[in-house]
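Protein chains in written order, with the numbering used here: chain A, 2 to 123; chain X, 2 to 123. Glycine included, every Cβ here is placed at the ideal spot set by N, Cα and C. All remarks here apply to the structure that follows.
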DNA sequence: TGAATGGTTGAACAACTGTTCAACTGTATT
DNA sequence: AATACAGTTGAACAGTTGTTCAACCATTCA
C-alpha cells in the first residue's frame, strides 16, 4: 500500500495563517484521510471494480469471473486477494471451486453514489 | 488516465456458462465501470484527498494549501489540475492569488460514506 | 496413486503516477 | 521598467502497481 510520506517543504512567503490555522483545527485527521485514500485506491482499479460489479449479482467462482472478464485465473486471483485483504469480499470453498461474494452492503451504496456522480457531470 | 485494455485470454475448461451469461446481462456496462474506476482513481490519492478535505472548510489559495499540507506549490498545483480536470474543484483569480473551492456537494457525500465505511471495518 | 482441473503465489516486467526541479507566465508594487 | 511573489507547466526520476509466467497446492475422479 501507499507509503504516505511527503517532504515538509513549503516554498511560500506570504500565507493567510489565520485561514491555515482554522482549517488545521477543523479538518479531518490526516490518518483518517490516508485510510480513506487507501480504501478508494482498492476500488479504483477497473479489474477490481468489474469483479465487484459481477459479484453484485451473487457469488461466483474464480473460473467464472475469469470467463466473464476475459482474463486469466491468475490475474483475477491476484485482484481477489487485494479485495479480500481490504475486507470487501469473502470466499468459501466447495469442492474444487472457491466461491467469492461481496462482504459489505455498505460498498454497494458508495458504488451507486459514484455512478450517480459520473452520470451527473456536465 | 488508465488505458483499460486487457488480454482476451481465459484459461478455464469448465465454466458455469448459465451464471456467466446471466451476470453478463444484468451487470453494469463496462464503459460505466471504467469511468467509475477513473473517478475513484482521482480521489484515491492522499494528497488530492487532503486538498479536498481542506477545501471542505471553504476556498483556499495555492499558497495556503501549500503551507497547510507542507508541500511545494508545484506539487499542490499539479494535483489541483487533476482535480479541476475531473471537475471536482473550481478556481477564481483575485490579484496574485488563485482561490480553489469544491465544485460538487455530491462528492462530500461519497467522502462521508467512505469515512463511515473505514470506521465500521472490524 | 496418478491424472486432471481449480485456484494460489512470488518474481519479473512494463506501464503508470506523484514529486521535484527549473523555467516560465501573470499580477501588483515601487 | 524592474522587482517580487503567486501560480503553472513539462521533463525527468523514482516509487508503485497490474499482468504474465511458471511453479505450486488442493480436490476430485478414475
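Closer than 8 Å to chain A by CB, residue i
i: residue 115 of chain X; result: yes
i: residue 100 of chain X; result: no
i: residue 29 of chain X; result: yes
i: residue 95 of chain X; result: no
i: residue 103 of chain X; result: no
i: residue 20 of chain X; result: yes
Through-space distance from residue j to residue i, alpha-carbon basis
i: residue 21 of chain X; j: residue 41 of chain A; result: 27 Å
i: residue 8 of chain A; j: residue 97 of chain X; result: Model confidence at residue 8 of chain A stands at a pLDDT of 49, short of 50, so the residue's coordinates are unreliable and nothing is read from them.
i: residue 52 of chain A; j: residue 37 of chain A; result: 21 Å
i: residue 92 of chain X; j: residue 100 of chain X; result: 5 Å
i: residue 79 of chain X; j: residue 17 of chain X; result: 47 Å
i: residue 116 of chain X; j: residue 56 of chain A; result: 23 Å
i: residue 45 of chain X; j: residue 81 of chain X; result: 14 Å
i: residue 85 of chain X; j: residue 50 of chain A; result: 24 Å
i: residue 1 of chain X; j: residue 94 of chain A; result: Here chain X has residues from 2 to 123 only, and residue 1 of chain X is not among them.
i: residue 109 of chain A; j: residue 27 of chain X; result: 15 Å
i: residue 39 of chain X; j: residue 77 of chain X; result: 20 Å
CB contact check: residue i to chain X, cutoff 8 Å
i: residue 109 of chain A; result: no
i: residue 25 of chain A; result: yes
i: residue 74 of chain A; result: yes
i: residue 79 of chain A; result: no
i: residue 34 of chain A; result: yes
i: residue 204 of chain A; result: Residue 204 of chain A falls outside the range modelled here, since chain A spans only 2 to 123, and no answer is possible.
Beta-carbon proximity check, residue i vs residue j, cutoff 8 Å
i: residue 111 of chain X; j: residue 107 of chain A; result: no
i: residue 83 of chain X; j: residue 103 of chain X; result: no
i: residue 62 of chain X; j: residue 67 of chain A; result: no
i: residue 69 of chain X; j: residue 24 of chain A; result: yes
i: residue 58 of chain A; j: residue 35 of chain X; result: no
i: residue 114 of chain X; j: residue 72 of chain A; result: no
Spatially closest choice to residue i from the options, by CA coordinates
i: residue 64 of chain A; options: A/54, A/57 and A/75; result: A/75
i: residue 30 of chain A; options: X/85, X/115, X/54 and X/58; result: X/54
i: residue 105 of chain X; options: X/35, X/71, X/19 and X/60; result: X/60
i: residue 87 of chain X; options: A/121, A/73, A/113 and A/47; result: A/121
Contact test: residue i Cβ vs the ligand GDP heavy atom, cutoff 7 Å
i: residue 53 of chain X; result: Inclusion of the ligand GDP in the displayed structure is not the case, the ligand content being empty and no account of it being possible.
Every unbroken alpha helix (DSSP H) within the segment 20-69 of chain A, with a cutoff of 4 residues, ordered by chain: 31-43 and 47-56
Could you name each continuous beta strand (DSSP E) segment of 3 residues or more that falls completely within the segment 67-109 of chain A, going from the start of the chain to the end? 90-95 and 98-103
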